[in-house]
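The block underneath contains the structure these notes are about, expressed in structure tokens.
Protein chains: 2
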Amino acid sequence: MKQFERRRFLKQASLAAAAGGSALIAGCGSTQQPEGPSIRSSKTYEWKMVTTWPPHFPILGESADLVAKWIEEMSEGRLKIQVYGGGELIPPLEGFEAVSQGVAEMCHGAAYYWAGKAPATQFFSAVPFGMNSQQMNAWILSGGGLELWEELYAPFDLVPMPVGSTGFQMGGWFNKEINTVSDLKGLKMRIPGLGGKVIALAGGSAVLSAGGEIYTNLERGVIDATEWIGPYHDYLMGFYKAAKIYYYPGWHEPGTVTELIINKSAFEQLPRDLQQIVRSAAARSYSWTLSEFESKNNDYLQKLIQENNVRLEKFPDDVLKALRQYSQEVIDDVVSTDPMSKKVYESFSEFRKKVTGWADVSEKIYYTEISS
Amino acid sequence: MKQFERRRFLKQASLAAAAGGSALIAGCGSTQQPEGPSIRSSKTYEWKMVTTWPPHFPILGESADLVAKWIEEMSEGRLKIQVYGGGELIPPLEGFEAVSQGVAEMCHGAAYYWAGKAPATQFFSAVPFGMNSQQMNAWILSGGGLELWEELYAPFDLVPMPVGSTGFQMGGWFNKEINTVSDLKGLKMRIPGLGGKVIALAGGSAVLSAGGEIYTNLERGVIDATEWIGPYHDYLMGFYKAAKIYYYPGWHEPGTVTELIINKSAFEQLPRDLQQIVRSAAARSYSWTLSEFESKNNDYLQKLIQENNVRLEKFPDDVLKALRQYSQEVIDDVVSTDPMSKKVYESFSEFRKKVTGWADVSEKIYYTEISS
Numbered sequence: 001m002k003q004f005e006r007r008r009f010l011k012q013a014s015l016a017a018a019a020g021g022s023a024l025i026a027g028c029g030s031t032q033q034p035e036g037p038s039i040r041s042s043k044t045y046e047w048k049m050v051t052t053w054p055p056h057f058p059i060l061g062e063s064a065d066l067v068a069k070w071i072e073e074m075s076e077g078r079l080k081i082q083v084y085g086g087g088e089l090i091p092p093l094e095g096f097e098a099v100s101q102g103v104a105e106m107c108h109g110a111a112y113y114w115a116g117k118a119p120a121t122q123f124f125s126a127v128p129f130g131m132n133s134q135q136m137n138a139w140i141l142s143g144g145g146l147e148l149w150e151e152l153y154a155p156f157d158l159v160p161m162p163v164g165s166t167g168f169q170m171g172g173w174f175n176k177e178i179n180t181v182s183d184l185k186g187l188k189m190r191i192p193g194l195g196g197k198v199i200a201l202a203g204g205s206a207v208l209s210a211g212g213e214i215y216t217n218l219e220r221g222v223i224d225a226t227e228w229i230g231p232y233h234d235y236l237m238g239f240y241k242a243a244k245i246y247y248y249p250g251w252h253e254p255g256t257v258t259e260l261i262i263n264k265s266a267f268e269q270l271p272r273d274l275q276q277i278v279r280s281a282a283a284r285s286y287s288w289t290l291s292e293f294e295s296k297n298n299d300y301l302q303k304l305i306q307e308n309n310v311r312l313e314k315f316p317d318d319v320l321k322a323l324r325q326y327s328q329e330v331i332d333d334v335v336s337t338d339p340m341s342k343k344v345y346e347s348f349s350e351f352r353k354k355v356t357g358w359a360d361v362s363e364k365i366y367y368t369e370i371s372s
Numbered sequence: 001m002k003q004f005e006r007r008r009f010l011k012q013a014s015l016a017a018a019a020g021g022s023a024l025i026a027g028c029g030s031t032q033q034p035e036g037p038s039i040r041s042s043k044t045y046e047w048k049m050v051t052t053w054p055p056h057f058p059i060l061g062e063s064a065d066l067v068a069k070w071i072e073e074m075s076e077g078r079l080k081i082q083v084y085g086g087g088e089l090i091p092p093l094e095g096f097e098a099v100s101q102g103v104a105e106m107c108h109g110a111a112y113y114w115a116g117k118a119p120a121t122q123f124f125s126a127v128p129f130g131m132n133s134q135q136m137n138a139w140i141l142s143g144g145g146l147e148l149w150e151e152l153y154a155p156f157d158l159v160p161m162p163v164g165s166t167g168f169q170m171g172g173w174f175n176k177e178i179n180t181v182s183d184l185k186g187l188k189m190r191i192p193g194l195g196g197k198v199i200a201l202a203g204g205s206a207v208l209s210a211g212g213e214i215y216t217n218l219e220r221g222v223i224d225a226t227e228w229i230g231p232y233h234d235y236l237m238g239f240y241k242a243a244k245i246y247y248y249p250g251w252h253e254p255g256t257v258t259e260l261i262i263n264k265s266a267f268e269q270l271p272r273d274l275q276q277i278v279r280s281a282a283a284r285s286y287s288w289t290l291s292e293f294e295s296k297n298n299d300y301l302q303k304l305i306q307e308n309n310v311r312l313e314k315f316p317d318d319v320l321k322a323l324r325q326y327s328q329e330v331i332d333d334v335v336s337t338d339p340m341s342k343k344v345y346e347s348f349s350e351f352r353k354k355v356t357g358w359a360d361v362s363e364k365i366y367y368t369e370i371s372s
């Protein structure tokens, strides 16, 4: 049993009393057989889940819907969760505050959206040149990441847990070839988060556009480039129809983790069975989400290349080298000004160094020598 | 909603009636508040889970224990599962038969152990030069794999589901360097399954040794080589202490999936909430298991190299090329003699071809250019 599992076990044991309660009907005549159904009391909870995604957004919004469905089914309807797409109950990027204040009990999103609340949140979603999906999940579940994540969120009365991963994200769509670092100078690119700061260090400007405006901005030359997610979602956005577009593999989000945050006071009031049901639904969604991305990205990459003549390029080594160096500067800046970021990044980096040693004789060999 | 999810949903809806039952106490005086606890009837199930692993075997046996624990907690003890290590209730490799016959309701193991019952089972655990963990899970959950797996097991009155993955497995420990294909000739290697047939085609002999005998056989020269799992388990077996040992990355099990099989009649008699609890516990274990392997293999690879002077080698390209060709011959042989294997392998191969196209611009780029 892991350290954090053990701690959780002990914490939850003290709450377990609430889950019983068949004494309520003791002495009440019934048709029970000695080996037949016994009778339990139960309490029903009606919760709200806000999300950072448009309603039923492909894969990510579907994951939110599935988590709610699985929890309701597993709990026989004792924990009913109403899912709200971004903007339906509150604006999409106010989920952290809303769940912290108890306006909603849950938010389905990604931790880097809350960098303004606590910079260290970013290390739990995506770090430029950081870890991929399999490694992030290993760090979170088995490398001490979850304990740090819980420590970071506790002062906000929040409990975080991983609920999915997008897998490796693409580097974006550009209106010209990127042959040298100087091609990034003056580039207006729609790219949020740490990645955006890296582009700014490289002499470009990081522009924020709401999802619905990106295509038009790209087509009209308001922006020169944009990243989004991967082939499936990028295809749905139609970027391939904007003229002279070059498509590049990514560097800034190697395996973005999505998160479920829960109001801590509300979570601790749940009986232990419902707490475990929530944790299991989130973990099931993790596996489902990553599988959906792998499978759909597959199909849509082929559509883009074969049916839509998308020019798939690669960043030259020098460009990647420069982006890596700028990424480290951006991270160093976050870490040097925020003690919790320093603590989290130390754990992240140490795990990453070791897991890369193992990857060199396992997954790297797989992709370069076994699968090809 | 996926095709198989929808089918399952419809099937389970017809069983859902059994899950209700508060009418039993209608009219019985109680202290309930209008918004307070309601009362449900319940039925308790006591199940047996056999496993192919030694009791509490690191990660794999722990996964079996955790699945049972999570199910019991989520169900408030309504589904209690007693876990038996291999040999405790039945011999380790008789789980398929035992669950099919209802001697136990569940078995935690790996599908390739049942190749004697149905050769196609092998494609759901590990295929030489096949898919890795992330790709296997995507094929199973989102690429039609699970539907074929269910179809394969239904005639045996069994329901299968993935419950974990070992990640990439190592190629094994050798008492000499493998520089050319001819070094495999006459080699006595402990290696089961399809990998063993490949070694035989290469002119070696595939030897079966029970786990407890491998070290002694290797040390005494009864065998020249052995594979096991990866750095963590290999370290625990102490292979590095046998003289003149060279350690090679793998090719025969790029991402072995472990499985939970359930007696289908027993599963269909469960109310829908318990069915969903079982499915969620298995999925949670999938994520946990792979994370544990990633994390532990990390730590123990460094121990092997830094503290125990293990010589980490690599198979030369020519050797891998020959092993790949022999692997295809072994697979073609299975597929040509068993129609269900043909059907499963066609789905496997088609998905693999597409996912490799996506991997070439995502995970392969990650391991070769982003993480290094």
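Quick note, the sequences are listed as chains Z and V, same order. Each residue of the first sequence is one higher than the one before, counting from 1 in my numbering. Each residue of the second sequence is one higher than the one before, counting from 1 in my numbering. Ideal Cβ placement from N, Cα and C applies to all residues, glycine included.
- prompt: How about the stretch 132-140 of chain Z and the stretch 157-168 of chain Z: do they share at least three Cβ pairs that are nearer than 8 Å?
  reply: Segments in contact, yes.
Ala206/Z in three-state terms, based on DSSP: strand
- request: Return no unless some Cβ of chain Z is closer than 9 Å to the Cβ of Leu312/V.
  value: Taking Cβ atoms only, chain Z reaches closer than 9 Å to Leu312/V, which makes this a yes.
message: With a threshold of 9 Å between beta-carbons, can Tyr240/V be considered close to chain Z, or not?
response: Tyr240/V does not count as touching chain Z.
- prompt: From the beta carbon of Lys354/V, is the nearest beta carbon of chain Z less than 9 Å away?
  reply: yes
query: Is the CB of Lys296/Z under 9 Å away from at least one CB in chain V?
result: yes
- request: Return the chain-ordered list of same chain residues with a C-beta closer than 6 Å to the C-beta of Phe9/Z, the five sequence neighbours on each side being excluded.
  value: In this prediction, Phe9/Z has a pLDDT of 32, which is less than 50 and means its spatial position is unreliable; nothing more can be read from the coordinates.
- prompt: Are Met313/V and Glu177/V closer than 9 Å when you measure CB to CB?
  reply: In the sequence as presented, Met is not what sits at residue 313/V; that position holds Glu. It is a contact, given that the beta carbons lie within the stated cut-off.
message: Give me the residue from Gly250/V, Ala242/V and Glu259/V with the minimum Cα distance to Ala359/Z.
response: Gly250/V
query: In three-state DSSP terms, what is Ala26/Z?
result: Note that Ala26/Z has pLDDT 29, beneath the 50 cutoff, so the model's placement of it is unreliable and no number is given.
field: Neighbourhood of Pro54/V by C-beta distance below 7 Å, restricted to the same chain and skipping five residues each side
entry: Only Gly61, Gly85 and Gly86 meet the Cβ criterion.
message: For Met136/Z and Val257/Z, I'd like the C-alpha separation in whole angstroms.
response: 8 Å
- prompt: To the nearest whole angstrom, what separates the beta carbons of Ile59/Z and Ala68/Z, a pair I think is in contact under 8 Å?
  reply: Actually they do not touch by this definition, with Cβ atoms about 15 Å apart.
query: Closer than 9 Å, CB to CB, is Glu177/V near chain Z or not?
result: It does not: the Cβ of Glu177/V has no partner Cβ on chain Z nearer than 9 Å.
query: Closest to Lys48/V by CA distance: which of Ala98/V, Ile365/V, Met106/V and Pro91/V is it?
result: Met106/V
field: Residues that Ile370/Z contacts on chain V, provided the C-beta gap is smaller than 7 Å
entry: Phe129, Trp251 and Pro254
query: To which residues does DSSP link Met49/V through a beta bridge?
result: Val83/V and Met106/V
message: Less than 6 Å between C-beta atoms, sequence neighbours within five positions excluded: which residues of the same chain meet that for Thr356/V?
response: None.
- prompt: Taking one C-beta from the stretch 287-302 of chain V and one from the stretch 230-239 of chain V each time, how about it: are there three or more such pairs within less than 8 Å?
  reply: yes
query: Helix, strand or coil: how does DSSP classify Asn263/V here?
result: strand
field: Close beta carbons around Gly27/V, own chain, < 8 Å, minus the five adjacent residues each side
entry: Because Gly27/V sits at a pLDDT of 30, beneath the cut-off of 50, its placement in the model cannot be relied upon, and the point is left open.
message: For chain V, check one thing: does any of its Cβ atoms lie closer than 9 Å to the Cβ of Phe174/Z?
response: no
Sequence-distant residues of its chain with Cβ nearer than 7 Å to Asn308/Z (five each side left out): Tyr240
- prompt: With C-beta atoms as the reference, is Ile140/Z less than 9 Å away from Phe156/Z?
  reply: No, Cβ-Cβ distance for Ile140/Z and Phe156/Z is not below 9 Å.
message: For Leu377/V and Val198/V, what's the separation of their Cα atoms in angstroms?
response: With chain V running from 1 to 372 in the structure shown, residue 377/V is simply not present.
field: Cα-Cα separation, Leu320/Z to Asn179/V
entry: 35 Å
field: Cβ neighbour criterion (16 or more within 10 Å) applied to Ala281/V
entry: buried
query: How far does the beta strand (DSSP E) with Arg190/Z in it reach, from first residue to last?
result: Lys188 to Arg190
message: Which complete alpha helix (DSSP H) runs does the stretch 209-246 of chain Z hold, if anything under 4 residues is left out?
response: 211-219 and 231-237
- request: Could you name the residues of chain V that Glu363/Z contacts, counting a contact when the two beta carbons are closer than 7 Å?
  value: Going along chain V in sequence order, the residues near Glu363/Z (Cβ under 7 Å) are Asn132, Phe168 and Tyr367.
field: Three-way DSSP call (helix, strand, coil) for Lys364/V in this model
entry: helix
- prompt: Using the beta-carbon count (16 or more within 10 Å), is Arg78/V buried or exposed?
  reply: Buried is the call here.
Cβ-based neighbour list, Glu292/V, same chain, cut-off 6 Å, excluding 5 preceding and 5 following: Ile59
query: Is the Cβ of Ser196/V closer than 9 Å to any Cβ of chain Z?
result: First, the residue type needs correcting, since residue 196/V is Gly and not Ser in the sequence shown. Not closer than 9 Å to any Cβ of chain Z, the Cβ of Gly196/V fails to qualify, so no.
- prompt: Distance, Cα to Cα, Lys117/V vs Pro91/V?
  reply: Roughly 16 Å between the two C-alpha positions.
message: Using a Cβ-Cβ cutoff of 8 Å, what residues of the stretch 274-285 of chain V are near chain Z? List them in chain order.
response: Gln276, Ile277, Arg279, Ser280, Ala281, Ala283 and Arg284
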